[in-house]
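Novice: Numbering (my numbering), first residue to last: 4 to 469. Sharing a structure here in structure tokens format.
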């Protein structure tokens with residue numbers, strides 16, 4: 004390289020370094036406005052959780068888009084429609100394989116950009132579902148918001164701006180508030196959905212669509228990049244980054260997908276997470292038939308309104324306090340606690356439905372089940388890996404762990420296809436047959452193999468001790 008070329012490269016690196024340091028100073032100053040940051044992230048979390056749970060309207064969407072007369076789940080037409088959905092949505096799972104590649108770009112380009120894209124993407128996906136003229140368009144909408152919803156970039160953002168002593172608490176408080184907002188689906192359902200007009204399910208989507216598009220656009224101007232990400236980029240340019248645990252210097256400087264895979268399978272903590280999450284996701288696949296189970300055992304339309312108003316509140320209250328437990332007990336003990344709660348909650352819900360319990364009892368049981376289930380999931384998919392791997396691999400590793408959802412996909416498809424033969428009155432009991440052993444195995448692996456990661460400094464996570 005000529006002297007002029009070397010000088011040009013050096014000047015370019017100095018300019019980039021100066022810009023990054025300016026952004027870091029701005030970001031650190033922005034952290035003083037933690038209340039504003041958490042308000043914005045909470046609203047984004049609200050959008051995320053409402054989008055994740057909007058499929059509660061799936062049953063009513065089926066009645067409309069498949070033109071099923073009578074609006075009854077106990078018909079051959081309904082069972083056939085559910086089966087068709089399971090089969091025709093198989094290609095949509097292919098997009099799941101693209102998601103980790105997409106998410107991994109945030110390790111190169113930053114958290115803020117993808118936080119904004121994800122939020123707007125969820126809004127556009129729900130908008131397409133709301134105006135869908137047929138099932139194919141509805142499927143396109145679900146693919147779109149289904150692609151952006153699981154990214155949970157707001158959680159990574161919270162992890163990287165929150166004090167390490169209260170990292171899980173900040174995450175759970177924002178999630179708890181967001182989950183409480185899921186009860187809006189029940190409220191919107193009772194306001195907009197008219198059983199005599201099957202098309203009114205669409206109006207339930209209107210408010211979350213507006214929220215998603217508005218907060219996504221506002222975040223462009225209100226948020227900053229995380230200091231943790233900027234510090235890592237500065238260290239990379241200055242050549243002052245600490246060595247990564249169990250990696251050579253050459254491997255640590257390789258940010259390719261191939262190297263991410265190598266890291267995941269080579270590192271004992273991420274290998275453990277792969278095993279636990281693969282087993283766990285098999286259990287999760289059997290928890291998505293609450294509506295069908297309750298309707299099969301005689302739940303009324305008013306009862307469903309009550310259930311979907313109370314259940315998110317129970318779930319949200321538990322989620323709100325789960326972070327306090329996680330920071331107090333540690334990651335491992337709280338994981339065991341959450342898993343046991345999910346196990347007990349699901350068993351009680353199914354048995355209570357079979358014996359004709361009321362909507363409030365069922366809502367409490369299912370709310371506690373989901374509280375344990377998704378607190379367990381958040382802990383093992385986001386919190387523990389984020390505290391176990393270095394910043395330059397954090398989102399890549401977290402995103403590629405989502406490939407464990409392949410087990411969920413397979414079980415979901417199998418159960419969906421068999422639904423027409425199983426029948427809605429037996430689906431709840433089938434859940435227990437699969438859910439109990441899978442959940443037990445997950446809990447046992449956490450107890451035996453997971454390493455504790457509490458109070459880890461994210462700037463030092465995954466680096467070898469020097």
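Positions of the beta carbon are idealized from the N, C-alpha and C atoms, including for glycine.
Suppose the cutoff is 7 Å on Cβ atoms and the five residues either side in sequence are ignored; what does the same chain contact list for residue 103 look like?
Specialist: Cβ within range, chain order: 402, 403, 405, 406.
Novice: Mind checking residue 72: buried by the 16 CB within 10 Å criterion, or exposed?
Specialist: Exposed.
Novice: Is any beta-carbon of chain D found at less than 9 Å from that of residue 271?
Specialist: Protein chain content of the structure displayed is limited to a single chain, and chain D is not contained in it.
Novice: Please go through the same chain and pick out, in chain order, the residues whose beta-carbon is closer than 7 Å to the beta-carbon of residue 365, but skip the five residues on each side of it.
Specialist: Here the set comprises 297, 310, 352, 355, 356.
Novice: State the Cα-Cα distance for the pair residue 316 and residue 376, rounded to the nearest angstrom.
Specialist: Answer to the nearest angstrom: the Cα atoms are 15 Å apart.
Novice: Please go through the same chain and pick out, in chain order, the residues whose beta-carbon is closer than 8 Å to the beta-carbon of residue 30, but skip the five residues on each side of it.
Specialist: Closer than 8 Å at Cβ, skipping near neighbours: 227, 228, 229, 230, 233.
Novice: Three-state secondary structure (DSSP) at residue 79?
Specialist: It is helical.
Novice: Please classify residue 312 as buried or exposed, where buried requires at least 16 other C-beta atoms within 10 Å of its C-beta.
Specialist: By the 10 Å Cβ count, residue 312 comes out buried.
Novice: Mind checking which residues open and close the alpha helix (DSSP H) that includes residue 214?
Specialist: 209 to 225 is the span of the alpha helix (DSSP H), which, as asked, contains residue 214.
Novice: How many Å lie between residue 43 and residue 80 at the Cα?
Specialist: Going from the Cα of residue 43 to the Cα of residue 80 covers about 44 Å.
Novice: Going by other Cβ atoms of all chains shown within 10 Å of its Cβ, with 16 needed for buried, is residue 295 buried or exposed?
Specialist: Residue 295 should be labelled buried.
Novice: Assuming residue 46 contacts residue 208 under a Cβ cut-off of 8 Å, what Cβ separation, rounded to an integer in Å, is found between them?
Specialist: Contact doesn't hold; Cβ gap of about 18 Å is too wide.
Novice: How many angstroms separate the CA atom of residue 302 from the CA atom of residue 455?
Specialist: So the alpha carbons of these two residues sit roughly 43 Å apart.
Novice: Who are the near neighbours of residue 442 in its chain, counting only those whose CB is closer than 7 Å to its CB and skipping five residues on each side?
Specialist: Excluding positions up to five away in sequence, the list reads 286, 342, 345, 346.
Novice: May I have a chain-ordered list of the alpha helix (DSSP H) segments no shorter than 4 residues that lie completely inside the segment 91 to 131?
Specialist: DSSP runs (the alpha helix (DSSP H)) wholly in the segment 91 to 131: 97 to 107, 109 to 112.
Novice: Rank 363, 100, 282, 213 by C-alpha distance to the C-alpha of residue 308 and give the top, closest one.
Specialist: Closest option to residue 308, Cα to Cα, is 363.
Novice: With the cut-off set at 9 Å, would you say residue 89 and residue 430 are in Cβ contact?
Specialist: Contact: no.
Novice: Please report the distance separating the alpha-carbon of residue 469 from that of residue 121.
Specialist: With a pLDDT of 45 at residue 469, under the threshold of 50, the predicted position of this residue should be treated as unreliable, though the coordinate-derived value follows. One C-alpha to the other measures close to 38 Å.
Novice: Go to residue 262, then tell me how far its alpha helix (DSSP H) extends in each direction, as first and last residue.
Specialist: Residues 260 to 269.
Novice: Quick check: residue 283 and residue 391, are their CB atoms within less than 9 Å of each other?
Specialist: No.
Novice: Are the beta-carbon atoms belonging to residue 171 and residue 386 less than 9 Å from one another?
Specialist: Yes.
Novice: Report the three-state DSSP secondary structure of residue 51 (helix, strand or coil).
Specialist: If DSSP states are grouped into helix, strand and coil, residue 51 belongs with the helices.
Novice: Is residue 21 buried or exposed, if buried means 16 or more other CB atoms sit within 10 Å of its CB?
Specialist: Exposed, by the Cβ-count rule.
Novice: Looking at residue 326 and residue 174, is the spacing between their C-beta atoms short of 9 Å?
Specialist: Yes, they are a contact pair.
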